[in-house]
Amino acid sequence: MLTDAQVVDVIDNADQNRFELRLSGDLVGILGYFDLAETPPGAGTPAARPPGSKAKGRQAPVVSFMHTVIVEDFGHRGLAALMVGRSLDLARGYGWKIRPVCTYVQRFVSAHPEYRDLIVPVER
1028 MLTDAQVVDV IDNADQNRFE LRLSGDLVGI LGYFDLAETP PGAGTPAARP
1078 PGSKAKGRQA PVVSFMHTVI VEDFGHRGLA ALMVGRSLDL ARGYGWKIRP
1128 VCTYVQRFVS AHPEYRDLIV PVER
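Right under this line is the structure:
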């Protein structure tokens, strides 16, 4: 269980293409993301882009939320839900649309309709 003294932060580590959940400064969870639209033809990895940036006249970037991981010792405390919710809030602020590849993110959005406006269906 979390105590009042613990500080919970969710930050965007754009260099690592992930949101990070930090508990009193310690990394305890990640939500990896990937923006396929920013991959130049013939390149293996996406080009760096400041969060929320988009060229004039372009649609909102579609970013895939790939996987959610919480350190085993911190499981079953609601931290994954907290990280996903705050990550979606940050994504909304950036102007992103989200493709929820991660099944945890899919279940979270199903249970939290306030985020459905951000979602782009996963292509099968």
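Take the sequence shown: its letters are residues 1028 to 1151, numbered as in the numbering used here.
Don't be surprised by glycine CBs; every beta carbon is placed ideally from N, CA and C.
Between the segment 1118–1133 and the segment 1097–1105 there are fewer than three C-beta pairs closer than 8 Å, too few to call the two in contact.
Of the candidates 1046, 1111, 1044 and 1054, 1054 places its Cα closest to the Cα of residue 1033.
Residue range 1106–1121 is occupied by the alpha helix (DSSP H) that includes residue 1106. Residue burial annotation: residue 1144 is exposed, with fewer than 16 other C-beta atoms found within 10 angstroms of its C-beta. Nearest to residue 1112 by C-alpha distance, out of 1040, 1041, 1046 and 1042, is 1046. Here the C-alpha atom of residue 1036 lies approximately 12 Å from the C-alpha atom of residue 1057. Going by DSSP, residue 1143 is part of no alpha helix (DSSP H) at all; its letter is neither H nor E. Beyond the five residues adjoining it in sequence on each side, residue 1059 comes within less than 7 Å, by CB distance, of 1044, 1045, 1093 and 1094 in the same chain, given in chain order. The residue among 1109, 1110 and 1118 with its C-alpha nearest the C-alpha of residue 1088 is 1118. For residue 1146, the CB contacts under 7 Å within the same chain, skipping 5 residues up- and downstream, are 1125, 1127 and 1136 in chain order.
At the C-beta level, residue 1091 and residue 1115 stay beyond 8 Å of one another.
In the DSSP assignment, residue 1050 falls within the beta strand (DSSP E) that extends over 1045–1050.
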